[in-house]
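As structure tokens, the structure follows; a few thoughts come after it.
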Amino acid sequence: MIDLARIRADFPILNETVRGKKLVFLDSAASAQKPRPVIEAMVHAMEHQYANIHRGLHWMSERTTDAYEAARDAAATLLNARDRHEIIFTRNSTEAMNLMAHSYGRGVLKPGQAVVISAMEHHSNIIPWQMARDAHGIELRIAPITDAGELDLPAFEALLADGKVGLVAITHMSNVLGTYTPAERITQLAHAHGAKVMFDGSQAIVHRRIDVQAIDADFYCFTGHKLYGPTGIGVLWGRRELLDAMPPFMGGGDMISSVSYERSTWAEVPHKFEAGTPAIIEGIGLKAAIDYVQAIGYDAIAAHEAALTDHALARLSAIEGITVVGRAQDRGGVVSFTLDRAHAHDIATLLDRQGIAVRAGHHCAEPLMRRLGLDSTARASFGIYTTPDEIDALADTLTKIREFFA
Amino acid sequence: MFDDVRDLYNQTILTRGRAPKHMHRLATFDATAKGDNPMCGDRVEVWLKYAEGGAIAETGYLARGCEISVVSADLMVEAVQGQTPADTKALFAAFRTLVQTGECPDCTEALAPLQPLSAVHKYASRVKCATLPWLALLAALDGAHPSKPASSE
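Sequence order for the protein chains is A and B. All residue numbers for the first sequence refer to the numbering used here, where the first residue is 508 and numbers rise by one. All residue numbers for the second sequence refer to the numbering used here, where the first residue is 9 and numbers rise by one.
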């Protein structure tokens, strides 16, 4: 079990009051709060150990390079990657998926080949593929979901049947429904039909240990700021042989082997994909975040969040007029809901007045909303610092909101 | 518990939100436009009929959105009744100032039906909810193509 009081003490922001009320932060799926070790690592770097990396021939540059490259090792360990060179730093998951759509979608896939996404993707895993489709003539296929909010596996397999699918790009956990997709089953089916698989792990990695070798993934991406790290840094992991075969995404410094006006050659991975001065401080912060999460341990995190999610589902389902959206068997700490008497934005405004922060809207997943027949939902999402009392505060306030709109 | 939000969710807003008076499509109309707020998903569609002489004779709307956007649309219908397009635009300018700042230097009698929304300025994230139906209305007045929704500000 985790020591919740101790964890909460690590997050300075949790002591803040909002509108005179104790902050109840239930919006971690949008961006998580930061523990002191992350803050301190970043401040320490700026105060004591900072220079540009990979190029300086001086002490500060060498030490900063070491600190930044230690983040690559931490990310490789976090994902159980075979090779640290398989870790590419990006700005966030969105950039990772744009890198994939550009470099793999246009650089490796041939016109006429198809990419499969699911009906519960974040816009960041839809738009880049639409752009690749329009620019490069690849086909975009949408794997449907069931009414419970789970991937429809037979329909998914049917989409692969003609052998045209080169890549499956799919969420590992829905930011709206909380649904985990069955990663091992997906890679099995995709590989059997000759397709590679990229997972958007932005939500999944916050709640569950990810082993890219065990799930037999080909690519996996996540973002630092949802994993208690800073904004501005994300990770794309890919199998070395696949990354080697992909053209660069952006051009610039750091990603070259040699440059002349006639012809330039590319650096080896990961640097081929890391043009320009990277987010150095943020990389150092990400390492601190990964270390922090690893020290608590995913077993403890998953147990804590499963208990919270069960509690939230039980409390919210018991409120008259509340409909929980998404009833997947395998789910993480995200609960979307609607209330019969009030729109999600009105709910969010009233909750906010009590210091309770939730997200309301379409959650950057408009096609999913359409599939669900909804315009918007309110969403409560949980982190390692979330307490059962905070969920009770949410449920009690929702009951009063319903009375307010009576 | 919610005494501090009674300024925004006052009796007029709550009553209208529960039972809007003008939420319907016009069977025949001279102009129409849609508005949407891509950040939050609120949508509104407005239909207009002009009287001889060009004043607004009738307005109808359909809205899917929060209480504030729906009530704003409903009150807008009453406020623009009988107004010319130029008056309607001036009215919106005054209304926008009201919901952005809470002040109303150019307040006219015509703005009276919209006063229940005056507290919106205290809720910065909700200003765009109140202005969305107006942006659709103005797009209709300007003869916007219905397939091109007016976006929220």
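Where a beta carbon is used, it is the ideal one built from N, C-alpha and C, also for glycine. As the structure is a prediction and not an experimental result, all values here were calculated from the model.
Alpha carbon of residue i to alpha carbon of residue j, nearest angstrom
i	j	result
Lys925(A)	Pro754(A)	Because chain A here runs from 508 to 913, residue 925(A) falls outside it and cannot be looked at.
Ala849(A)	Phe912(A)	7 Å
Phe532(A)	Leu858(A)	11 Å
Ala872(A)	Met627(A)	7 Å
Ile932(A)	Thr784(A)	Summary: the structure shown does not reach residue 932(A), with chain A confined to residues 508 through 913, and so no result is reported for it.
Glu569(A)	Glu602(A)	27 Å
Asn682(A)	Val841(A)	7 Å
Asp12(B)	Ala127(B)	11 Å
Ser76(B)	Ala900(A)	Sequence check: residue 76(B) is Ile here, not Ser. Spanning the two alpha carbons is a distance of roughly 25 Å.
Ala902(A)	Ile826(A)	8 Å
Arg860(A)	Leu684(A)	25 Å
Ala796(A)	Ala864(A)	23 Å
Leu674(A)	Val704(A)	6 Å
Gly62(B)	Thr40(B)	15 Å
Glu576(A)	Ala144(B)	52 Å
Ser155(B)	Arg14(B)	In this prediction, Ser155(B) scores a pLDDT of 46, lower than 50, which makes its location untrustworthy; the coordinate-derived value is nonetheless stated afterwards. Distance between the alpha carbons of Ser155(B) and Arg14(B) is about 37 Å.
Asp707(A)	Val52(B)	33 Å
Asp114(B)	Leu530(A)	40 Å
Val672(A)	Arg838(A)	27 Å
Ile717(A)	Ala813(A)	16 Å
Asn599(A)	Thr524(A)	29 Å
Leu905(A)	Arg822(A)	10 Å
Ala548(A)	Phe103(B)	49 Å
Asp517(A)	Gln801(A)	15 Å
Val623(A)	Ala885(A)	28 Å
Phe844(A)	Met757(A)	40 Å
Ile520(A)	Ser767(A)	50 Å
Lys794(A)	Ala582(A)	7 Å
Trp142(B)	Phe100(B)	7 Å
Val85(B)	Pro121(B)	10 Å
Asp896(A)	Ala642(A)	50 Å
Gly701(A)	Pro635(A)	22 Å
Ser709(A)	Tyr131(B)	31 Å
Ala118(B)	Asp95(B)	9 Å
Asp761(A)	Ala578(A)	17 Å
Ser888(A)	His732(A)	14 Å
Pro874(A)	Arg513(A)	40 Å
Met607(A)	Ala855(A)	35 Å
Phe780(A)	Gly862(A)	42 Å
Bridge partner(s) assigned by DSSP for residue i
i	result
Lys528(A)	Val525(A)
His32(B)	Tyr69(B)
Cys728(A)	Asp707(A), Leu743(A)
Val54(B)	Ala41(B), Tyr69(B)
Arg648(A)	Val623(A)
Met680(A)	Tyr687(A)
Ser765(A)	Thr772(A)
Val675(A)	Val623(A), Val704(A)
Leu125(B)	Answer is none; Leu125(B) lacks a bridge partner.
Asp534(A)	Ser888(A)
Ile829(A)	Leu846(A)
Leu658(A)	Ile652(A)
Alpha helix (DSSP H) runs contained entirely in the region 833–912 of chain A, provided each spans 4 or more residues:
Runs of alpha helix (DSSP H) with 4 or more residues, each lying fully within the region 833–912 of chain A, are found at 851–860, 873–879, 895–911, listed in chain order.
In the region 36–48 of chain B, which residues sit with their C-beta less than 8 Å from some C-beta in chain A, listed in chain order?
Met47, Cys48
Cβ-based contacts, 9 Å cut-off: residues of the region 522–554 of chain A near chain B:
Of all residues in the region 522–554 of chain A, Arg526 have a Cβ within less than 9 Å of some Cβ in chain B.
For the region 539–558 of chain A against the region 725–740 of chain A, do three or more pairs of beta-carbon atoms, one drawn from each stretch, fall closer than 8 Å, so that the two count as touching?
yes
The region 627–652 of chain A: positions lying closer than 9 Å to chain B by Cβ:
none
Could you say if the region 782–801 of chain A and the region 543–563 of chain A meet the contact criterion of at least three C-beta pairs nearer than 8 Å?
yes
Along the region 73–103 of chain B, what residues have a CB closer than 9 Å to any CB found in chain A?
Gly73, Cys74, Glu75, Ile76, Ser77, Val78
Within the chosen definition, does the region 741–753 of chain A reach the region 593–602 of chain A through at least 3 CB pairs nearer than 8 Å?
yes
Would you call the region 574–590 of chain A and the region 615–626 of chain A in contact, with 3 or more CB pairs under 8 Å?
They do not touch, by the three-pair rule.
Residues within the region 816–833 of chain A neighbouring chain B, beta-carbon criterion of under 8 Å
none
Hey, is the region 78–89 of chain B in contact with the region 21–31 of chain B, meaning 3+ C-beta pairs nearer than 8 Å?
yes
May I have a chain-ordered list of the alpha helix (DSSP H) segments no shorter than 4 residues that lie completely inside the region 65–118 of chain B?
The region 65–118 of chain B contains these whole alpha helix (DSSP H) runs: 75–88, 93–109.
Ranges of the alpha helix (DSSP H) found wholly within the region 568–644 of chain A, counting only runs of at least 4
Counting whole runs of 4 or more residues, the region 568–644 of chain A contains the alpha helix (DSSP H) stretches 600–606, 634–643.
Can you confirm whether the region 144–153 of chain B touches the region 48–57 of chain B when touching is taken to mean that 3 or more C-beta pairs between the two stretches lie within less than 8 Å?
yes
Does the region 686–705 of chain A come into contact with the region 723–730 of chain A, if we say contact requires no fewer than three beta-carbon pairs (one atom in each stretch) closer than 8 Å?
Remark: three or more beta-carbon pairs, one from each stretch, lie closer than 8 Å, so the region 686–705 of chain A and the region 723–730 of chain A are flagged as touching.
Short of 9 Å Cβ to Cβ, which residues in the region 112–127 of chain B face chain A?
Within the region 112–127 of chain B, no residue qualifies.
Touch test, the region 85–95 of chain B against the region 874–893 of chain A, Cβ-Cβ under 8 Å, three pairs minimum:
no
Taking a Cβ distance cut-off of 8 Å, strictly less, list which residues of the region 13–37 of chain B are near chain A, in chain order.
Val13, Leu16, Tyr17, Leu22, Gly25, Arg26
Selection of the region 851–864 of chain A by Cβ proximity to chain B, strictly under 8 Å
Ala851, His852, Asp853, Thr856, Leu857, Arg860, Gln861
Just by C-beta distance, which residues in the region 874–893 of chain A are closer than 8 Å to chain B?
Met876, Asp882, Ser883
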